[in-house]
Amino acid sequence: MLRVRITLLLLPLLVAPALAQNTLYIPETFEGPVYTLNAAPSSHEFFPGVQTDTYGFNGGYLGPTLILQRGAEVQMHVSNQIGESTTVHWHGMHVAAEDDGGPHSVISPGTVWSPDFTVLDRATTFWYHPHLHEHTGEHVYRGLAGMIIVRDGEEALLDLPRTYGVDDIPVVIQDRQFDAQRQLVFNPGGAGQQGNTMVVNGTVDPVLTLGAGVNRLRLLNGSNARVYQLGLSDDSPFFMVGSDGGLLEAPVELQRLRLAPGERAEVLIDLGGRSGESFTLMSYSSELTRGEPGGVALPNQPPPPAGSIDGTDFTIMQIAVVQAQGSPVQTIPQQLSTLVNLPESSADRVRPMRLDTAGPGPAAPLAINGVVFNMAVINEVVNLGDTEIWEIDNVRGGPHPFHIHDVQFRILDRGGVPPPPQEAGWKDVVLVYPGERVRFITQFLDFADPDTPYMYHCHLLGHEDGGMMGQFLVIDPLATAIERPGNGASLQLSAYPDPAVDWSTIAYEVDQRSPVRIEVFDLLGRSVAVLFDGVRDPGPQTSIWKTGQVPPGTYLVRVQAGNRLMTRTLRVRR
Ligand code: C2O
Ligand code: CU
Ligand code: CU
Numbered sequence: 002m003l004r005v006r007i008t009l010l011l012l013p014l015l016v017a018p019a020l021a022q023n024t025l026y027i028p029e030t031f032e033g034p035v036y037t038l039n040a041a042p043s044s045h046e047f048f049p050g051v052q053t054d055t056y057g058f059n060g061g062y063l064g065p066t067l068i069l070q071r072g073a074e075v076q077m078h079v080s081n082q083i084g085e086s087t088t089v090h091w092h093g094m095h096v097a098a099e100d101d102g103g104p105h106s107v108i109s110p111g112t113v114w115s116p117d118f119t120v121l122d123r124a125t126t127f128w129y130h131p132h133l134h135e136h137t138g139e140h141v142y143r144g145l146a147g148m149i150i151v152r153d154g155e156e157a158l159l160d161l162p163r164t165y166g167v168d169d170i171p172v173v174i175q176d177r178q179f180d181a182q183r184q185l186v187f188n189p190g191g192a193g194q195q196g197n198t199m200v201v202n203g204t205v206d207p208v209l210t211l212g213a214g215v216n217r218l219r220l221l222n223g224s225n226a227r228v229y230q231l232g233l234s235d236d237s238p239f240f241m242v243g244s245d246g247g248l249l250e251a252p253v254e255l256q257r258l259r260l261a262p263g264e265r266a267e268v269l270i271d272l273g274g275r276s277g278e279s280f281t282l283m284s285y286s287s288e289l290t291r292g293e294p295g296g297v298a299l300p301n302q303p304p305p306p307a308g309s310i311d312g313t314d315f316t317i318m319q320i321a322v323v324q325a326q327g328s329p330v331q332t333i334p335q336q337l338s339t340l341v342n343l344p345e346s347s348a349d350r351v352r353p354m355r356l357d358t359a360g361p362g363p364a365a366p367l368a369i370n371g372v373v374f375n376m377a378v379i380n381e382v383v384n385l386g387d388t389e390i391w392e393i394d395n396v397r398g399g400p401h402p403f404h405i406h407d408v409q410f411r412i413l414d415r416g417g418v419p420p421p422p423q424e425a426g427w428k429d430v431v432l433v434y435p436g437e438r439v440r441f442i443t444q445f446l447d448f449a450d451p452d453t454p455y456m457y458h459c460h461l462l463g464h465e466d467g468g469m470m471g472q473f474l475v476i477d478p479l480a481t482a483i484e485r486p487g488n489g490a491s492l493q494l495s496a497y498p499d500p501a502v503d504w505s506t507i508a509y510e511v512d513q514r515s516p517v518r519i520e521v522f523d524l525l526g527r528s529v530a531v532l533f534d535g536v537r538d539p540g541p542q543t544s545i546w547k548t549g550q551v552p553p554g555t556y557l558v559r560v561q562a563g564n565r566l567m568t569r570t571l572r573v574r575r
């Protein structure tokens with residue numbers, strides 16, 4: 002009798018050692034086409050019986066998972082009730098700059114921001130989070146983030162698990178620091194706030210129950226400043242099927258997956274025949290030895306404080322396997338997608354990005370190309386339609402996860418070597434190590450806007466908020482009055498009349514003595530007239546273009562002053 006009792010008591014302990022476990026919370030889904038998000042202060046029970054102050058979208062912590070269909074027109078309504086300004090950015094999505102939710106799209110307290118756009122992206126996992134300059138880290142840390150799942154016809158044809166919350170699981174991985182009262186500790190600065198308590202979808206000590214078949218985990222590193230080295234405790238392999246920008250060409254079998262802040266990965270785990278087993282999703286952070294935040298401290302770094310999980314191997318989530326319901330997916334597919342390659346030779350230009358400080362000395366702030374982020378400065382201008390290679394050189398500090406808005410890119414090489422297969426698909430974040438050069442190629446095919454820039458930045462949120470960020474405009478050189486910023490004179494340009502019949506006056510103004518060249522091109526790029534080529538003093542200037550000789554149509558008037566360039570269209574009619 003006694004022996005039986007002991008056995009019964011021991012069994013659950015053997016299956017689930019040490020941890021008090023909580024069922025992994027699965028965020029509700031929101032299927033559009035109208036999506037309403039309400040950012041507000043709230044509270045959340047991370048620990049039984051204790052309310053922790055948080056921010057949340059439509060609830061206590063984090064927000065609903067938005068399900069988007071490729072090709073659909075969606076209408077967002079983001080209401081800001083947090084009592085201070087914020088923004089909401091659709092991380093990874095290819096949307097117009099004014100709909101992107103970057104730091105210029107401020108949602109004042111008490112107001113609603115309502116962008117609408119068409120979902121152009123491939124099926125994948127994105128996320129949404131605030132992006133207010135200098136406050137992104139805090140707003141995300143307090144709970145403002147959520148997952149986006151894009152579905153499309155290509156993905157739908159594959160035999161992949163896609164029953165949300167059953168065999169297709171959102172896994173938002175975050176670390177949080179709690180004080181003695183179990184309130185969130187947040188300090189700005191450095192790479193960003195780290196914590197020693199792992200939280201998945203807002204659940205501490207989570208256990209996820211999966212059926213004994215093939216399951217899909219949508220992994221998102223939603224931490225402010227911690228890199229994970231993911232693996233399963235029984236060292237069984239898993240299969241990565243998607244990166245930031247969607248399906249890979251074929252599953253990649255892995256035992257470890259490094260995931261930097263902002264990055265996502267979709268992985269399949271085959272639990273066929275494993276009903277009754279239990280294991281854990283781990284971060285083997287003792288294997289992070291190259292200065293990654295959350296990894297092993299380098300010899301020149303201070304050792305982690307007592308109780309820190311940095312550089313240790315720790316549990317992210319328990320996984321318990323039960324009999325599968327219905328008919329689970331049984332096999333890992335062989336093929337997934339065909340990716341369009343952008344050959345290096347197709348690039349219109351190479352754009353250097355130096356991850357560095359803004360000056361010499363240890364106190365200099367981190368910067369990109371020597372410039373700390375300034376809302377009023379446009380750092381780069383990209384021509385609509387161009388293919389570009391971005392060359393990211395990390396010359397200062399630890400590894401930086403570089404992220405670009407608007408586009409997905411393909412990594413050409415990392416330190417001169419082609420990327421490993423898990424990084425060979427479409428991506429929007431890439432971790433760049435010190436001393437390393439990463440080159441990626443991308444295309445800027447849509448969304449010219451001379452007024453609203455897109456961002457690129459380090460996705461360690463402390464670095465981003467500290468100014469390791471820049472902004473770029475995508476401009477259409479064929480549109481009216483586009484200015485390429487430069488160090489030369491500032492420039493104003495107008496033309497009257499437009500359309501012209503026999504003549505038009507090109508009026509412009511430079512603010513310093515500079516060489517000026519005014520040239521007119523047709524839409525095929527052929528020069529049709531040079532109106533002025535010389536030096537101008539500051540002040541208003543004019544040149545007359547006699548249009549009687551040219552065929553009617555649209556022309557481009559280009560004024561170059563110093564290294565500034567301004568182009569506008571001018572029509573000629575008879
Ligand atoms: Cu995840 Cu600029 O953002
Ligand atoms: Cu983004
Ligand atoms: Cu950084």
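Quick note on my numbering: the sequence shown kicks off at 2 and runs consecutively. We treat Cβ as the ideally placed atom computed from N, Cα and C, and that holds for glycine.
Cβ separation of residue i and residue j, assumed to be a contact under 8 Å, to the nearest whole Å
{"i": "Glu264", "j": "Pro402", "result": "7 Å"}
{"i": "Val151", "j": "Phe118", "result": "That pair is no contact at about 12 Å."}
{"i": "Val439", "j": "Val431", "result": "5 Å"}
{"i": "Leu249", "j": "Ser338", "result": "7 Å"}
{"i": "Pro400", "j": "Glu293", "result": "5 Å"}
{"i": "Val521", "j": "Ala530", "result": "4 Å"}
{"i": "Met470", "j": "Ile369", "result": "7 Å"}
{"i": "Leu356", "j": "Val433", "result": "6 Å"}
{"i": "Leu38", "j": "Val75", "result": "Incorrect: roughly 12 Å between the Cβ atoms, too far for contact."}
{"i": "Gln230", "j": "Arg275", "result": "Contact doesn't hold; Cβ gap of about 23 Å is too wide."}
{"i": "Gly426", "j": "Ser244", "result": "4 Å"}
{"i": "Ile149", "j": "Leu67", "result": "5 Å"}
{"i": "Arg227", "j": "Thr53", "result": "Not confirmed; about 19 Å, so no contact."}
{"i": "Ile333", "j": "Leu282", "result": "Between Leu282 and Ile333 the Cβ distance is about 18 Å, and since that is not below 8 Å, they are no contact."}
One or two residues paired with residue i in a DSSP bridge
{"i": "Met469", "result": "Bridge partners of Met469: none, in fact."}
{"i": "Ala530", "result": "Val521"}
{"i": "Phe58", "result": "Ala40"}
{"i": "Asn370", "result": "Paired residue(s): none; Asn370 is not in a bridge."}
{"i": "Glu389", "result": "Arg350, Thr443"}
{"i": "Thr316", "result": "Met283"}
{"i": "Phe118", "result": "Val75"}
{"i": "Ala98", "result": "Bridge partners of Ala98: none, in fact."}
{"i": "Phe48", "result": "Val51"}
{"i": "Glu267", "result": "Arg219, Gly243"}
{"i": "Val475", "result": "Val383"}
Beta-carbon proximity list for residue i, same chain, < 6 Å, skipping 5 on both sides
{"i": "Gly196", "result": "Asp176, Arg177, Gln178"}
{"i": "Pro516", "result": "Val536"}
{"i": "Leu121", "result": "His95"}
{"i": "Asp477", "result": "Leu385, Ala449"}
{"i": "Phe374", "result": "Gly468, Met470"}
Residue i (DSSP reduced to helix, strand or coil)
{"i": "Leu3", "result": "In this prediction, Leu3 has a pLDDT of 42, which is less than 50 and means its spatial position is unreliable; what the coordinates show is noted afterwards. In the structure shown, Leu3 sits in a helix (DSSP, three-state: H, G or I)."}
{"i": "Glu293", "result": "coil"}
{"i": "Pro421", "result": "coil"}
{"i": "Leu496", "result": "The sequence shown places Ala at residue 496, not Leu. Residue state, collapsed to three classes: strand."}
{"i": "Tyr165", "result": "strand"}
{"i": "Ala251", "result": "strand"}
{"i": "Thr24", "result": "strand"}
{"i": "Gly554", "result": "strand"}
{"i": "Thr126", "result": "strand"}
{"i": "Ala508", "result": "strand"}
{"i": "Asp357", "result": "strand"}
Neighbourhood of residue i by C-beta distance below 7 Å, restricted to the same chain and skipping five residues each side
{"i": "Gly214", "result": "Asp168, Leu272, Gly273, Ala325, Pro329, Val330, Gln331"}
{"i": "Gln180", "result": "Here residue 180 turns out to be Asp, not Gln, going by the sequence shown. So the qualifying residues of the chain are Val186."}
{"i": "Gly102", "result": "Thr88, Val89, His90, Trp91, His132"}
{"i": "Thr555", "result": "Leu524, Thr570, Arg572"}
{"i": "Leu11", "result": "Note that Leu11 scores a pLDDT of 44, beneath 50, so its modelled location is shaky; the value from the coordinates is reported in the next line. Here the set comprises nothing."}
Residue burial classification, residue i (beta-carbon count within 10 angstroms, cutoff 16)
{"i": "Gly416", "result": "exposed"}
{"i": "Gln267", "result": "It should be pointed out that residue 267 corresponds to Glu in this sequence rather than to Gln. Glu267 is buried by the Cβ-count criterion."}
{"i": "Leu524", "result": "exposed"}
{"i": "Arg565", "result": "buried"}
{"i": "Glu389", "result": "buried"}
{"i": "Asp311", "result": "buried"}
{"i": "Gln336", "result": "exposed"}
{"i": "Val173", "result": "buried"}
{"i": "Lys547", "result": "exposed"}
{"i": "Ser284", "result": "buried"}
Own chain residues within Cβ distance below 8 Å of residue i, not counting five before or after
{"i": "Gly190", "result": "Gly463, Gly467"}
{"i": "Asn342", "result": "Arg411"}
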